[in-house]
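In my numbering, the protein residues as written are 400 to 983.
By construction, the Cβ of each residue, glycine as well, lies at the ideal position given by its N, Cα and C atoms.
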Amino acid sequence: MSWRDTMCGELTAADVGRRVTVAGWADTRRDHGGLVFVDLRDYTGKVQLVVNPERSKQAAEEAHDVRNEFVLQAEGEVVARAPEAVNPNLPTGQIEVQVDTLRIVSRSTPLPFQLDEENVDETLRLRYRWLDMRTERMQRNLRISHVAVAAIRRRMDELGFIDIWTPSMTKGTPEGARDFLVPVRLQPGNFFALAQSPQLFKQLCMVGGMDRYYQIATCWRDEDLRADRQFEFRQLDLEMSFVEREDVLDVLEQCVVASFEALGREPPPRPFPRLQFADVMLRYGSDKPDLRFGLEIQDATEITRTSKFGVFAGAPVVRYLVAPRAFSRAELGRLEEIAKEWGAKGLAYLVNDGGEVRSPIAKFLSEDELAAFTGEPNTTTLFAAADEATVARVLGGLRTHLGRELDLADRETDSFAWTLDFPLFEHHEESEGWTFVHHPFTAPVAGDEHRIESDPGGVLGQHYDLIWNGWELGSGSIRIHEAERQEAVFRVMGMGAGEQEAKFKFLLDALRMGAPPHGGFAMGIERFVALLAGEPDIRQVIPFPKVASGSDPLTGAPTPMPDSVLKELGIKSAVEEGAITRPV
Ligand code: ASP
C-alpha cells in the first residue's frame, strides 16, 4: 500500500469516478450530525472529504475523533458535488472524495494558534515554526525562495560559473561588521571567525585560475538584527576574471530576470538605470533611494547665504523637501523627532495650509526666500541645515519615512537600479583617519590610482550597489589585483607593514604570484526573496530566523554553557551566572 497516489490540490472534475488515496492534514472538520466533512490539505491545496456512515461505518467512527491538524489517510471515490455545493473559491471546489477507508495516521495536541488566525504574535509563530510553515503564506514564501535560487543556479551554470565551496571557519573578513568567533579545543586561546563573506577566498579562486566562481554562500555578521538583517544569511556570491564593471552588472541583471521569469512574472526592463552616488546623495539623501516616488531634495544654500534666519545663514548646507501634505503640529513634532534621530538639531518648516503659511521661521525669511521655498497649497516644506553629510542623512531619512507614511510609492512598479561611483574611502568615525566604503579590496576608478595616498577623499572606487525599491540587494566591485596598490590602500587605512603582514599576508602573497584582473558581486538572497514575496522583512522568508534580541524562539538558543565545556575550549565567561539574561 502506498501512502497516497494523488495530491489533494490536483483533483478536478476530470477525475470524477476515480478511486484515489490521499494523505495530509485535517484543515477543518465539520460534523453535520451523521455526515462529516473534512478538508484535507497537502502542499498542493485542499480537497473535501465526505464521510458518510451509510457508505462506511469504519470511516465514520474514525472521523469522529478527527481534530484540526491531525494527519489522515483517506481512500475513496471522486464524485461531482451537487450544483449548490460547488465552491468556486476552491480549485478542487467542483468535486469531493466520498471516503471508504479513513485512517488517523498521527494526532495533534491542541494548537497554540489556528493556522487561519490573523495577526498571530511572531514569536509564537517562530516558537512553533513547523505549524506556521503549514500556512499558505510560509508555504508560498519558501517555495518562492526555492524557485528563485534554482533559477539563479541554472543561469550561473549556463554562464559558465562553477560552484566552489569556501570555508565558514576562517580568519576575519573585513565587511564592516563584528565577527562571530569559534574557539578551538585543539588550540586553546586561538579562534576562528565565521566568514562575514567568502570575499578573499573567491579572489584567491581567481588567482587560482578558476575564472568564474559562484556560491549560494552563508555569511555570518554580528550586527543588530533588523527587517533586512539577520546574524546569518545567504548571498549569491560571485567572482569573475578578466572583466569590466559592465560584465558583472550584466550577470546580476540576468539572474534577476531569470528569477522573475521562473516565477512567471514580468521581468524588469534591462538595462537597469545606472545612478551616480554623488547625484543620488544630493537628490535623495541615500545611496539606495526608493525611486517609485519623487519627493526630491532641493537646494537652498545659495538663496540662504544672506538669510536673516541665522540657522540658515550659518549652516554649510541648507536643503529641503516639499511633502504633499499640510502637517499638523503634532505630526511635525513626530517628524522633528525622526530628523533628530538622523542627526538634526531641530526641524524648520513652512506649512502651506490651503494658501495660508504656518511657520515659526516665516517672520525671519525674506520675500524671495518665502517665494522660493513655499510649496503649493497643502504641502509642507521641511528644511535641514548642517554639514553636507548630516543634511543628506536627515532629509534622506525623512524622505524614506514620508514615502512609507504617505504611501507615495507606486506599488505596481518595480524599481531596480545600480548606484555607481562611490568614494573609495570615507572618514573613520572614531579615529581621525580613513576607512573603506565597501571593503578594502575595491579598485579605484581608472585615473584615480595615483591619488590613493595623496588625496584619499577624492578617489572614486569601482564599487556598485544593486537596489530594488529602496532596499540594497547587494554590492560588488572590481578588485585591486596589484599587491603594491593593495598595500597603498591598507596604508591609507592606517595599517603599517607589520599589521598588513599579520592580517593579509596570504592575500598579498597571492597578488604577487600572477593575479588576473577580477571583479565580483554578492546579492542577499533573503532580501531578494522577501521583495519577490512582497514581505516586509526577511524573517518571513527564512525557515528558522532569529528575533530582534538575537534569540531563536524555537530552540531557545543561545544558551549558557557549563564551565567544564568552556574550560575544554580554553575560554572563561566574564558574565556571572546570575547576570545572564535570557530574552526571547
Ligand atoms: N564581499 C562583498 C559582500 O559580501 C561582496 C563583494 O564585494 O563581492 O558584501
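Worksheet item: Does the region 837 to 848 touch the region 882 to 897, meaning 3 or more C-beta pairs lie closer than 8 Å?
Response: yes
Discussion item. Shorter than 7 Å, the distance from the beta carbon of E736 to the closest heavy atom of the ligand ASP, or not?
Written reply: no
Worksheet item: Near D562, what residues of its chain come up, given a Cβ to Cβ distance below 7 Å and the 5 sequence neighbours on each side ignored?
Response: Y613 and Q614
Discussion item. To the nearest angstrom, how far is the alpha carbon of L1012 from that of K687?
Written reply: Summary: the structure shown does not reach residue 1012, with the chain confined to residues 400 through 983, and so no result is reported for it.
Worksheet item: Does the distance from the CB of E848 to the CB of T834 come in under 8 Å?
Response: no
Fill in: Secondary structure of W833, DSSP reduced to three states
strand
Item to complete: Pull up the distance between the alpha-carbon of Q457 and that of V940, whole angstroms please.
Response: 42 Å
Worksheet entry | Beta-carbon gap between R418 and E495 smaller than 8 Å | no
Fill in: S972 CB to nearest heavy atom of the ligand ASP below 7 Å
no
Practice prompt. Mind checking which residues open and close the alpha helix (DSSP H) that includes E535?
Written response: E535 to E557
Worksheet item: So is D636 buried or exposed if we call it buried at 16+ other beta carbons inside 10 Å?
Response: buried
Worksheet item: For A876, is the beta carbon positioned less than 7 Å from some heavy atom of the ligand ASP?
Response: It should be pointed out that residue 876 corresponds to Ser in this sequence rather than to Ala. Within the cutoff, so yes.
Item to complete: Below 8 Å on the Cβ atoms is my guess for V655 versus P667; work out the distance and round it to an integer in Å.
Response: 7 Å
Worksheet item: Helix or strand or just coil, what does DSSP make of Q595?
Response: coil
Worksheet item: Heavy atom of the ligand ASP less than 7 Å from the Cβ of A921, yes or no?
Response: yes
Fill in: R502 and E461 closer than 8 Å at C-beta
yes
Worksheet item: How is T443 classed by DSSP in three states: helix, strand or coil?
Response: coil
Worksheet item: If you check the beta carbons only, do I984 and A657 fall under 8 Å apart?
Response: What the structure shows of the chain is the stretch from 400 to 983, and residue 984 is not part of that stretch, so it cannot be assessed.
Worksheet item: Where are the alpha helix (DSSP H) runs, 4 residues long or more, that stay fully inside the region 856 to 891, in chain order?
Response: 882 to 891
Discussion item. Assuming the contact rule is C-beta atoms closer than 8 Å, P1021 and I879 should be a hit. Round their C-beta distance to whole Å, please.
Written reply: This structure cannot settle anything about residue 1021, because the visible part of the chain is limited to 400 through 983.
Fill in: Near the ligand ASP: E755 beta-carbon under 7 Å from a heavy atom
no
Worksheet item: Between which two residues does the alpha helix (DSSP H) containing Y527 stretch?
Response: Counting along the chain, Y527 falls outside any alpha helix (DSSP H), and DSSP gives it neither H nor E.
Practice prompt. Identify every residue that forms a DSSP beta bridge with I615.
Written response: L635
Worksheet item: Does the Cβ of P596 lie closer than 7 Å to at least one heavy atom of the ligand ASP?
Response: First, the amino acid is wrong: residue 596 is Ser here, not Pro. S596 Cβ: within cutoff of the ligand ASP.
Worksheet entry | Residues that G423 bridges to, as DSSP identifies them | L471
Worksheet item: F943: which of V756, Y527, T500 and R466 sits nearest, CA to CA?
Response: Y527
Worksheet item: Is the Cβ-Cβ distance between Q595 and L819 less than 8 Å?
Response: no
Worksheet item: Helix, strand or coil: how does DSSP classify S505 here?
Response: strand
Practice prompt. Give every residue of the same chain whose Cβ lies closer than 7 Å to the Cβ of R506, excluding the five residues on either side of it in the sequence, and list them in chain order.
Written response: F469
Item to complete: Report back the beta-carbon spacing between R718 and I696 to the nearest angstrom; my notes put them in contact at under 8 Å.
Response: 5 Å
Item to complete: Evaluate contact between the region 950 to 967 and the region 533 to 542, counting only Cβ atoms and requiring at least three cross-stretch pairs below 8 Å.
Response: no
Discussion item. Is it the case that the region 478 to 486 contacts the region 425 to 444, given that we only count it when at least three CB pairs across the two stretches are under 8 Å?
Written reply: no
Worksheet item: Where does L807 fall in DSSP's three states?
Response: coil
Discussion item. Threshold first: 3 residues or longer. Then list the beta strand (DSSP E) segments lying entirely within the region 747 to 795, N to C.
Written reply: 748 to 752, 755 to 757 and 778 to 785
Fill in: Proximity of A784 and G684 at Cβ, strictly below 8 Å
no
Discussion item. Using a Cβ-Cβ cutoff of less than 8 Å, which residues in the same chain neighbour V793 once the five nearest sequence positions on both sides are dropped?
Written reply: G684, A738, W741, G742, A743, A783 and A785
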